[in-house]
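**Q** Sending over a structure as structure tokens; questions will come in a sec.
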Amino acid sequence: MYIGLDLGTSGLKGVLIDGDQTVLAEATAPLTVARAAPGWSEQSPADWIAAAETVLDALASHDLGKVQGIGLSGHMHGATLLDASDEVLRPCILWNDTRSAEEAAELDGDPMFRRLSGNIVFPGFTAPKLLWVRRHEPKIWERIAKILLPKDYLRLWLTGEHVAEMSDAAGTSWLDTGARDWSDDLLAATGLTRAQMPSLVEGSAVSGRMRPALASRWGLPAGVIIAGGGGDNAAAGVGAGVVRAGDAFVSLGTSGVLFAANDGYQPSPETAVHSFCHALPNTWHQMGVILAASDALNWYAGLVGDTAANLTGALGPLAAPGKPLFLPYLGGERTPLNDAAIRGAFLGLEHATDRAAATQAVLEGVTFAIRDSRDALAATGTKLTKLIATGGGARSAYWLEAIATALNVPVLLPAAGDFGAAFGAARLALMAATGAGAEIATQPAIARQIDPNPALRDAFDAGHARYLAAQTAIKGLT
274 MYIGLDLGTS
284 GLKGVLIDGD
294 QTVLAEATAP
304 LTVARAAPGW
314 SEQSPADWIA
324 AAETVLDALA
334 SHDLGKVQGI
344 GLSGHMHGAT
354 LLDASDEVLR
364 PCILWNDTRS
374 AEEAAELDGD
384 PMFRRLSGNI
394 VFPGFTAPKL
404 LWVRRHEPKI
414 WERIAKILLP
424 KDYLRLWLTG
434 EHVAEMSDAA
444 GTSWLDTGAR
454 DWSDDLLAAT
464 GLTRAQMPSL
474 VEGSAVSGRM
484 RPALASRWGL
494 PAGVIIAGGG
504 GDNAAAGVGA
514 GVVRAGDAFV
524 SLGTSGVLFA
534 ANDGYQPSPE
544 TAVHSFCHAL
554 PNTWHQMGVI
564 LAASDALNWY
574 AGLVGDTAAN
584 LTGALGPLAA
594 PGKPLFLPYL
604 GGERTPLNDA
614 AIRGAFLGLE
624 HATDRAAATQ
634 AVLEGVTFAI
644 RDSRDALAAT
654 GTKLTKLIAT
664 GGGARSAYWL
674 EAIATALNVP
684 VLLPAAGDFG
694 AAFGAARLAL
704 MAATGAGAEI
714 ATQPAIARQI
724 DPNPALRDAF
734 DAGHARYLAA
744 QTAIKGLT
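Going by this note's numbering, the first residue of the sequence shown is number 274, and it counts up by one from there.
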């Protein structure tokens, strides 16, 4: 058996699989985000441990005596700061925290960062957060002995080891992404040294072994290995079998991700495409990232006092984009705008705009933002021929058909089960424990292929053109 733990922004999920990759059990524990000031987003690492304990308690209702490995996944970019005794110095600054926009622009102004890391220094990345701490919390800065990414704090708890892996490390702005190693020059530019970084392993490699007291607590055998694991999107790629050049998925989670696997390193920071190491050796991936996908729909559902499922379920067949426009920039945007300050908007509202029309506009706004990411990927030479759909938003057939039509590619809906990051983390545990490789990361059985609607393609092209015009018009106003 193998366990995958995925530390998400809104909850921690665990899955238990057997050697044939059949899911035997799954469990979740909720997490909350603290927003102490505009643009801030933080979590207490102690809450992650409590959530992991809850999930492992639930999984232990099955006999865990045959577990050979545990894989870890988690939200990327978070700054978890530890002192010399491994005590947490402050709440973790999360991926969607934009307080360090000024510091990010400063670091990005140094050409070395894009040249070595292969990416824009986005405000959500780790390096600018540390520069912010240095300037605004100097007493904390002076005590920093180690900096861990969120899932790697779980690893410290499980193993006692300070270890990261390549896919997550690539989102810090400190990794030489092509060389798959920390860059001493990038660290020095932020006032840090390699000694403050965890060691690095590949996602499918062994990073340590579970502490005996924890193994005993949940009935696991002695010496269970902990795999390197992956950042949430890389792990989801492994879970969905998107591990070879030409494979791609679209994720409609809290954020929206358009993810393409590559067998070579293809940085193109000027497009705001993320070019990161994949969770498997000698493999990289590209991502377009939008900060609010299902998050935007859930925000709107809360605004009108209904559920996202009810709102999307009330829509009929796919329709041409209507007059209302929605720009989903509730907390800034990454690809392709790289704008922490821009905010969302409804435009084109009229007396005829009802709940269904506004729901449709929200889905279209996120869809057009994903199309922007498709166009950014295309500018690097990456062509998408089909997409596997993942994430909670993939439950909406309307949304998937809108994406298929706007991007003009078929969208494949897996038959059953969750092929996301927790499953991918469990697969990485299987690889680390057995020596298996990418060949076990097969793609899921597909229940349905959703093709572009040719009758509406021109209408979606026109809708996207209006969306781009609105994007330009609100810049600086919100």
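Positions of the beta carbon are idealized from the N, C-alpha and C atoms, including for glycine.
In whole angstroms, what is the alpha-carbon distance linking A670 and L584?
**A** Looking at the two C-alpha atoms, the distance is approximately 12 Å.
**Q** Would you kindly report the start and end of the unbroken alpha helix (DSSP H) that includes G586?
**A** 581-586 is the extent of the alpha helix (DSSP H) around G586.
**Q** Beta carbon of T327, beta carbon of P423: below 9 Å?
**A** Their beta carbons are not under 9 Å apart, which means T327 does not touch P423 by this criterion.
**Q** Just reading off the alpha helix (DSSP H) that E379 is part of, what are its end residues?
**A** Element bounds for E379: 374-381.
**Q** Grab the span of the beta strand (DSSP E) containing W313 for me, first residue to last.
**A** No beta strand (DSSP E) holds W313; DSSP gives it neither H nor E.
**Q** So the candidates are C550, G512, R363, K419; which of them puts its Cα closest to the Cα of G223?
**A** Only positions 274 to 751 of the chain appear in this structure, which leaves residue 223 out of reach.
**Q** Where do the ends of the alpha helix (DSSP H) carrying N506 lie?
**A** Taken as a continuous stretch (DSSP letters only), the alpha helix (DSSP H) holding N506 covers 505-512.
**Q** Would you decide whether N571 is buried or exposed? Buried here means 16 or more other CB atoms lie within 10 Å of its CB.
**A** Under this definition N571 is a buried residue.
**Q** How far does the beta strand (DSSP E) with Y275 in it reach, from first residue to last?
**A** From DSSP, the beta strand (DSSP E) with Y275 extends over 275-280.
**Q** Below 8 Å on the Cβ atoms is my contact criterion, and I expect A720 with A688 to pass it. Report the Cβ-Cβ distance as a whole number of Å.
**A** At roughly 4 Å, the Cβ-Cβ gap stays under 8 Å, so A720 and A688 are in contact.
**Q** From which residue to which residue does the alpha helix (DSSP H) around A629 run?
**A** First-last of the alpha helix (DSSP H) with A629: 628-652.
**Q** Could you pull out every residue in the same chain whose Cβ sits closer than 7 Å to the Cβ of V577, ignoring the five residues on either side in sequence?
**A** If we look at V577 and ignore the five residues flanking it on each side, its Cβ neighbours are R628.
**Q** Counting only the same chain and skipping the five closest in sequence on each side, list residues whose C-beta sits under 6 Å from that of G617.
**A** L600, P601, Y602, L603.
**Q** Quick one: using the 10 Å Cβ neighbour count with 16 as the cut-off for buried, is T556 buried or exposed?
**A** With 16 or more Cβ atoms within 10 Å of its Cβ, T556 is classed as buried.
**Q** Just tell me which of A634, V436, A582 has its CA closest to the CA of S472.
**A** Taking only the C-alpha atoms, the option nearest S472 is V436.
**Q** Assign G338 to one of two classes, buried (16 or more other C-beta atoms within 10 Å of its C-beta) or exposed (fewer than that).
**A** Exposed, by the Cβ-count rule.
**Q** According to DSSP, is L487 helix, strand or coil?
**A** L487: helix per DSSP, three-state reduction.
**Q** DSSP three-state call for I563: helix, strand or coil?
**A** It is a strand residue.
**Q** Where are the beta strand (DSSP E) runs, 3 residues long or more, that stay fully inside the segment 334-422, in chain order?
**A** Entirely contained in the segment 334-422, the beta strand (DSSP E) runs reaching 3 residues are, in chain order, 342-347, 353-355, 419-421.
**Q** Counting along the chain, where does the alpha helix (DSSP H) carrying H624 start and finish?
**A** H624 -> no alpha helix (DSSP H), and no H or E assigned at all.
**Q** So, at 6 Å on beta carbons, what are the nonlocal neighbours of D520 in its own chain, with the 5 sequence-adjacent residues on each side left out?
**A** So the qualifying residues of the chain are A534.
**Q** Among P540, L465, W447, which residue has its Cα nearest to the Cα of E415?
**A** Taking only the C-alpha atoms, the option nearest E415 is L465.
**Q** Along the chain, which unbroken stretches of the alpha helix (DSSP H) at least 4 residues long are found entirely within the segment 431-479?
**A** If we require 4 residues or more, the alpha helix (DSSP H) runs fully inside the segment 431-479 come out as 439-442, 457-462.
**Q** Checking the sheet assignment: what are the DSSP bridge partners for S524?
**A** For S524, which the question treats as bridged, DSSP gives the partners V530, T663.
**Q** On the DSSP letters alone, give me the boundaries of the alpha helix (DSSP H) that R730 sits inside.
**A** 730-747 is the span of the alpha helix (DSSP H), which, as asked, contains R730.
**Q** Count the other C-beta atoms from every protein chain shown that fall within 10 angstroms of the C-beta of G503, then say buried if there are 16 or more, exposed otherwise.
**A** That one is buried.
**Q** In whole angstroms, give me the CA-to-CA distance for A592 and T663.
**A** Computed Cα separation, rounded: 23 Å.
**Q** Under the DSSP definition of a beta bridge, which residues are partnered with Q722?
**A** Answer by DSSP bridge pairing, in chain order: L685.
**Q** Under 8 Å by Cβ, that's how I've got P396 and A613 pegged, so tell me the actual separation to the nearest angstrom.
**A** With 8 Å as the limit, P396 and A613 qualify as a contact, their Cβ atoms being about 4 Å apart.
**Q** Given K596, which residues of its chain have a CB within under 6 Å of its CB, disregarding the five upstream and five downstream residues?
**A** Answer for K596: G621, listed in chain order.
**Q** Rounded to whole angstroms, what is the Cα-Cα separation between W522 and I343?
**A** At residue 522 the sequence reads Phe, which differs from the Trp that was named. Their backbone Cα atoms lie some 24 Å apart in a straight line.
**Q** Please check the pair G697 and M704, which I expect to be a contact at CB under 8 Å, by giving their CB distance rounded to whole angstroms.
**A** In fact, because the Cβ distance is near 10 Å, the residues do not count as touching under 8 Å.
**Q** Can you find the residues in the same chain that come closer than 8 Å, C-beta to C-beta, to T432, ignoring five residues on each side of it along the sequence?
**A** So the list reads S480, G481, R482, M483, R484, I499, once near-sequence residues are dropped.
**Q** Consult DSSP for G481 and reduce its assignment to one of helix, strand or coil.
**A** In this structure, G481 counts as strand in the three-state DSSP scheme.
**Q** Please report how far the alpha carbon of T653 lies from the alpha carbon of V546, in whole angstroms.
**A** Each residue's Cα considered, the two are about 9 Å apart.
**Q** So the candidates are I747, T371, L686, R453; which of them puts its Cα closest to the Cα of L389?
**A** Comparing Cα-Cα distances from L389 to each of I747, T371, L686, R453, the minimum goes to R453.
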